[in-house]
Amino acid sequence: MEQRLKSEDTKLSYQKRKVYSAWLLLLPMLVVLLIVAIWPLCYTFFYAFTDASLSTLTNYSFIGFDNFLVQDNGCWYGLVADPLWWYSVWNTIVFAIGSVVIEILLGTIIALVMHTKFIGCSLFRAAMLIPWAIPTVVSAKIWNWMLHDQFGVIDYILVKLQLIANPISWLADHNLTMLTVILVDSWKTAPFVAMLVLAALQMLPNDCYEAAKVDGVHPIKVFFGITLPLIRPALIVAVLFRLIEALRIFDVVYIMTGSAESTMTMSVYARQNLVNFQDLGYGSAASTMLFIVIFFIIAPCLAIMRVDVMKEVH
Amino acid sequence: MADVTMRDLHKNFGDTEVINGIDLSIKDGTFCVLVGPSGCGKSTLLRMIAGLEEIDAGELSIGGQVMNNIDPSKRGVSMVFQSYALYPHMTVYQNMSFGLKLAKTSSETIEHRVRNAAEILQLIDLLDRKPKELSGGQRQRVAIGRAIVRNPKAFLFDEPLSNLDAALRVQMRLEISRLHRRLGTTMIHVTHDQVEAMTLADQIVVLNQGIIEQTGSPRDLYDRPANVFVASFLGSPAMNLLKARVDGGSVVLDGTNSRIYSVDGVDRVSGPVTLGFRPEHVELSEDGIPFEVEFVEDLGDACVLHGVLDGGPRATVRMPAEGVPIFQEERILNVIPGDGRCHLFDRQSGRRC
């Protein structure tokens, strides 16, 4: 009896030791995370309730929810009352849905092509990754030049091919800028989706396809009936990753169209207030709202997808 | 229901010849087992019949119709894969009906056929389960069920039992036999397991390096192997193949003075030969050849003894368990192959004399 107790005792301490060492190994990462993510985040939340300005960082006072909503002389002011803010929210959602849909479709098609064997397929695989490997600033600048309405190569080709009569101002026409930005972002990130999907495709059991062949299943049915259900977990992960990225999009939009209203996303809105207008308090309030918006879009997605993926795994 | 006939089939993978001129005819309703060591081309041959591998040369016909360039699904064959090849996201019912549904079979027919197959294979209670909720044997039965519902002219089994554990393998072997008797359809079964081949087959085809070494009934192949390869491949423990020479109506083992009389065919040859006899056909005999036992494997019902014959070649003998007390290591027994149980093979070509 005594011996059994003793052995249980050492077992417990072994369990504890395992927990301690796990925390010890996690500690460096947690510290880094605290410094570069949690701390700035808390600071942003904090500034959102002040009237701090970028020029007078130390001199501020608490103004409660005034940055978000305040009534002055019978008029409503603040972030929630600003139509431009809501327009930027709308833009962000349009951008996110548009780019994620195109990227998933394009990425899946690229992956399916890469999954087949053809001459030069390894070259194609390497080439495919280039858009993803180029820094966004560089590729956005390249696209800026290619899409330029006077010197751009794209308008030149389209005019030469007589597909259009006059050059199109891709980055100036308010009706086109959002589409342009979505397409450029899709070009850039479809390879990422393609890689995720390709990895999933290469895990698929080959014999299922041979069985389908003997059964005489039409290739299109094979794709929708076998391939698609089997790569769904990978697609879900890809959608989630891309959605989070797209909702906080900044670089492509800012470099290609600056702070133009037609493409202004939440991040660009926050930056404009923070940097251009030097309004640290108001910009922080916008950033806080951005956080909340993303949280409320992603959290339910995560919950649904988690259940879904779990079901696939078990 | 159909005959399957192959005429001079060839297949290369790059520069490697995998199938090197196969002539084979399998009669309607036969259970044919393709057996051979790894890399002998047996799976490739089966996949050529299924249409999963193209035929480089020669002619394949099923039911009298040339099938070389016919789509796999139109050959009227069903294939059961080694890894079952079940669709992981579909239930047992969906797995079995998937092919039919796409062939636009009416839903009553589908229902009827799936139920029927499920009944034969005792899958009725499992129809709503997914593959991952099934045991290996159950998965294999689903794979077979999926083959049955298509009412094929011939079944193709690609090592269907090799992923199962030993006990289950024996059970599934019986079930496949029972299925064959019940359906009476031509079945072509690939395996590397010679016990599976012996127990299942009406017709065994022994393949080696892309050619047929011998084909015939299991009994034929066991009793009269056409060459050294077939002799050593079928039977467990493997046949003893010893260098010897024929000298004046008897066989003398190389490196010894021991003579074996009463060997069939000894009058037709002379000079160096390979003498074959199965371990289970060796008897104890007063005037036999001295056999020094080195290792004893007690199997319960029998003993397998490994040792040296008359200070010369090594040999294996299998003895009934009654003699256990005398089967001890370092003991010398006197043994002799049973009358008419010896095989003579040409030393050079390996062919039966």
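Chains as they are written, first to last, in the UniProt record's numbering: chain A, 1 to 314; chain B, 1 to 353.
Even for Gly, the Cβ is constructed at its ideal location relative to N, Cα and C.
Worksheet item: Taking residue 96(B) as the reference, which of 258(B), 110(B), 347(B) and 297(B) has the closest Cα?
Response: Cα-wise, what sits closest to residue 96(B) is 110(B).
Item to complete: Whole angstroms is fine: what's the gap from residue 312(B)'s alpha carbon to residue 236(B)'s?
Response: Near 23 angstroms, if we compare the C-alpha coordinates of residue 236(B) and residue 312(B).
Worksheet item: Is the distance from the Cβ of residue 173(A) to the Cβ of residue 98(B) below 8 angstroms?
Response: No, they are not a contact pair.
Fill in: 7 angstroms CB neighbourhood of residue 238(B) in its chain, flanking five on each side removed
Same-chain partners within the cutoff: 232.
Discussion item. Just to make sure I have the definition right: I need the residues of chain A whose C-beta is within less than 8 angstroms of the C-beta of residue 81(B). Which are they?
Written reply: The contacting residues are 207, 210 and 211.
Worksheet item: Beta-carbon of residue 230(A) versus every beta-carbon of chain B: anything under 8 angstroms?
Response: So yes, residue 230(A) belongs to the interface.
Worksheet item: CA-CA distance, residue 195(A) and residue 242(A)?
Response: In this structure, the alpha-carbon of residue 195(A) lies about 13 angstroms from that of residue 242(A).
Item to complete: Can you check the region 237 to 313 of chain B for any beta strand (DSSP E) of at least 3 residues that lies completely inside it and give the ranges in chain order?
Response: If we require 3 residues or more, the beta strand (DSSP E) runs fully inside the region 237 to 313 of chain B come out as 240 to 247, 250 to 253, 271 to 277, 282 to 298 and 302 to 309.
Fill in: Partners in chain B for residue 221(A), counting only beta-carbon separations shorter than 8 angstroms
Per Cβ cutoff of 8 angstroms: 102.
Item to complete: Can you pull the chain B residues whose beta carbon is under 8 angstroms from the beta carbon of residue 216(A), in chain order?
Response: Taking a Cβ-Cβ cut-off of 8 angstroms, the neighbours of residue 216(A) in chain B comprise 71, 72, 73, 74, 99, 102 and 103, given in sequence order.
Item to complete: Measure the alpha-carbon distance for residue 160(A) versus residue 97(A) and round it to whole angstroms.
Response: Straight-line measurement puts the Cα of residue 97(A) at about 33 angstroms from the Cα of residue 160(A).
Worksheet item: For residue 77(A), which of helix, strand or coil comes out of DSSP?
Response: In the three-state DSSP reduction, residue 77(A) falls in the strand class (E or B).
Worksheet item: Are any of the Cβ atoms in chain B nearer than 8 angstroms to that of residue 226(A)?
Response: Output row for residue 226(A): interface = yes.
Discussion item. Within 8 angstroms of any Cβ in chain A, is that where the Cβ of residue 77(B) sits?
Written reply: Yes, residue 77(B) lies at the interface with chain A (some Cβ there is under 8 angstroms from its Cβ).
Item to complete: State the Cα-Cα distance for the pair residue 19(B) and residue 5(B), rounded to the nearest angstrom.
Response: Rounded to the nearest angstrom, the two C-alpha atoms are 15 angstroms apart.
Item to complete: Grab the span of the beta strand (DSSP E) containing residue 58(B) for me, first residue to last.
Response: Per DSSP, residue 58(B) belongs to the beta strand (DSSP E) from 57 to 62.
Worksheet item: Pick from 40(B), 161(B) and 202(B): whose alpha carbon is nearest that of residue 12(B)?
Response: In this structure, 40(B) is the residue among 40(B), 161(B) and 202(B) with its C-alpha nearest to the C-alpha of residue 12(B).
Worksheet item: Between the region 220 to 230 of chain A and the region 192 to 208 of chain A, do at least 3 Cβ pairs fall closer than 8 angstroms?
Response: Enough Cβ pairs lie closer than 8 angstroms, so yes.
Fill in: Bounding residues of the beta strand (DSSP E) (the contiguous stretch that carries residue 361(B))
Here chain B comprises residues numbered 1 to 353, so residue 361(B) is not present and cannot be evaluated.
Practice prompt. Give the single residue among 347(B), 3(B) and 131(B) whose Cα lies nearest to the Cα of residue 142(B).
Written response: Nearest option by C-alpha distance: 131(B).
Worksheet item: Less than 7 angstroms between the CB of residue 241(B) and some heavy atom of the ligand COA, yes or no?
Response: As for the ligand COA, it is missing from this structure, which has no ligand bound.
Item to complete: Mind listing, in chain order, the continuous beta strand (DSSP E) runs of no fewer than 3 residues lying wholly within the region 29 to 94 of chain A?
Response: You should have 70 to 72 and 75 to 77.
Worksheet item: Based on Cα-Cα distance, which residue from 158(B), 171(B), 287(B) and 209(B) lies nearest to residue 188(B)?
Response: Ranking the options by Cα distance to residue 188(B), first place goes to 158(B).
Item to complete: Would you tell me roughly how many angstroms separate the C-alpha atoms of residue 297(B) and residue 315(B), rounded to the nearest one?
Response: When rounded, the distance between both Cα atoms is 14 angstroms.
Fill in: 7 angstroms Cβ cut-off: residues of chain A touching residue 89(B)
Correct list: 229 and 230.
Worksheet item: Is residue 224(A) helix, strand or coil by DSSP?
Response: In the structure shown, residue 224(A) sits in a helix (DSSP, three-state: H, G or I).
Practice prompt. Leaving out five residues on either side along the sequence, give the residues of the same chain with a beta carbon under 7 angstroms from the beta carbon of residue 175(A).
Written response: Excluding sequence neighbours, residue 175(A) sits near nothing in its chain.
Fill in: Cα-Cα separation, residue 26(A) to residue 187(A)
Going by C-alpha positions, residue 26(A) is about 36 angstroms away from residue 187(A).
Worksheet item: How many whole angstroms separate the CB atoms of residue 79(A) and residue 305(A), which I take to be in contact at a CB cut-off of 8 angstroms?
Response: In fact, because the Cβ distance is near 30 angstroms, the residues do not count as touching under 8 angstroms.
Worksheet entry | Three-state class that DSSP yields for residue 217(A) in the structure shown | Residue 217(A) sits in coil when the DSSP states are folded into three classes, being neither helix nor strand.
Worksheet item: Closest Cβ-Cβ distance between residue 50(B) and chain A: below 8 angstroms?
Response: For residue 50(B), the closest Cβ of chain A is nearer than 8 angstroms.
Practice prompt. Using the Cα positions of residue 262(A) and residue 190(A), report the straight-line distance between them to the nearest angstrom.
Written response: Answer to the nearest angstrom: the Cα atoms are 24 angstroms apart.
Fill in: Neighbour flag for residue 2(B) against chain A, beta carbons, 8 angstroms
Not one chain A Cβ lies under 8 angstroms of residue 2(B).
Worksheet item: Would a C-beta distance cut-off of 8 angstroms place residue 352(B) and residue 218(B) closer than the cut-off?
Response: Not a contact, by the Cβ cut-off of 8 angstroms.
Discussion item. If we define contact as Cβ-Cβ less than 8 angstroms, is residue 85(B) a contact residue for chain A?
Written reply: For residue 85(B), the answer is yes, since a Cβ of chain A falls inside 8 angstroms of its Cβ.
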